[in-house]
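Trainee:
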Amino acid sequence: MPQQERERSALQRREALKDVLAQARGCLRCTELAATRKTVVFGMGNADADLMFVGEAPGASEDEQGLPFVGRAGKLLDQLLAEIGLERSEVFITNTLQCRPPGNRDPLPVELENCQEYLLRKVELIEPTVICTLGNFSTKLLRGDPTGITRLHGQPEVRVLGARAVRLYPIYHPAAALYTPRMLETLREDFARLPALLALGAPEQPAPQEVPALPDAQPDAEPEPEPEPEGGPTPEQAQARVEVDQLGLF
Ligand code: URA
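Under this note's numbering, the first residue of the sequence shown carries the number 146, and numbering increases by one thereafter.
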């Protein structure tokens, strides 16, 4: 299939992402996580983003709100983005796990494996040119190698994830940098190299394989949003709003 035909319209991308989001919401692959989570934290940001961040796993605030990086580490991430002239609405932010591990314990290998398919599907649909892995878990997962973040941070490399070649850029996790000024300085320096990395554009792509067909876009099929009743949105409207936020249609 020619490259042009493989390019997805923004609308098709969002529709396909909504399907993946619906699947994720009902996911029962990790029995413990499915039983203890409040929400599935799919990710948020721009579905057409060139830059994707992959953190570790939702914490308590993320589980509560259904959105990634909303706690102190998230505030730092927002600040670092602002320092390079970017906003959350211009990037896509997700995690290796979509559910909070109880007590914020480390993700288990089987959980990382269970959730990897969702992450690869997001990469396939959003088609970022740069993926910033935040900390050890996402770096090891996406590189398929146990080398740690201390050795790898700040060194971009081209990697093929699923059917897509991306510039993988490991950096320290903002949560770790919150408490270690030297690490924060390094994180800031690594962040400062992101604009130049983005300016390189997408790396050369591998020969196309069979790409599963996406549902046809139906621009007229979107129902008009119901007006909000006085006293705030209905639970359905609140849920729909989270859904839109999670796809970053700010
Ligand atoms: N919040 C997230 O969503 N992910 C992390 O890795 C840490 C905090």
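No residue lacks a Cβ here, since even glycine has one placed at the ideal position from N, Cα and C.
1. For Ala-362, which three-state DSSP category applies?
2. Below 7 Å, is the gap between the Cβ of Phe-214 and the nearest heavy atom of the ligand URA?
3. Under 7 Å from any heavy atom of the ligand URA, does the C-beta of Glu-201 make it?
4. Using only the alpha-carbon positions, how far apart do Pro-246 and Pro-252 sit?
5. When you compare only the Cα positions, how much space is there between Gly-398 and Gln-168?
6. Can you list, in chain order, the residues of its chain with a C-beta nearer than 7 Å to that of Leu-265? Leave out the 5 residues immediately preceding and following it.
7. If I measure Cβ to Cβ from Asn-249 and keep anything under 6 Å in the same chain, skipping five residues before and after, which residues do I get?
8. I need the straight-line Cα distance from Val-215 to Arg-182, nearest angstrom please.
9. Using a Cβ-Cβ cut-off of 8 Å (strictly less than) and excluding sequence neighbours within five positions of Val-268, which residues of its own chain qualify?
10. Would you say the beta carbon of Glu-330 is closer than 7 Å to some non-hydrogen atom of the ligand URA?
11. Helix, strand or coil: how does DSSP classify Glu-334 here?
12. Where do the N-terminal and C-terminal ends of the alpha helix (DSSP H) with Glu-99 fall, by residue?
13. Applying the criterion that 16 or more other CB atoms from any shown protein chain within 10 Å of the CB defines a buried residue, is Thr-278 buried or exposed?
14. With DSSP collapsed to three states, give me the class of Cys-277.
15. When you compare only the Cα positions, how much space is there between Ala-322 and Leu-221?
16. Indicate, with yes or no, if the ligand URA has a heavy atom lying under 7 Å from the CB of Glu-334.
Mentor: Once the coordinates are examined:
1. Interpretation of Ala-362 is limited by its pLDDT of 35, a score under 50 that renders its predicted location unreliable; the figure taken from the coordinates is listed afterwards. In this structure, Ala-362 counts as coil in the three-state DSSP scheme.
2. yes
3. yes
4. 6 Å
5. Because the chain here runs from 146 to 395, residue 398 falls outside it and cannot be looked at.
6. Leu-306, Gly-307
7. Gly-204
8. 16 Å
9. Met-197, Ile-276, Leu-306, Gly-307, Arg-309, Val-311
10. no
11. helix
12. No answer is possible for residue 99: the residues shown for the chain start at 146 and end at 395.
13. buried
14. strand
15. 9 Å
16. no
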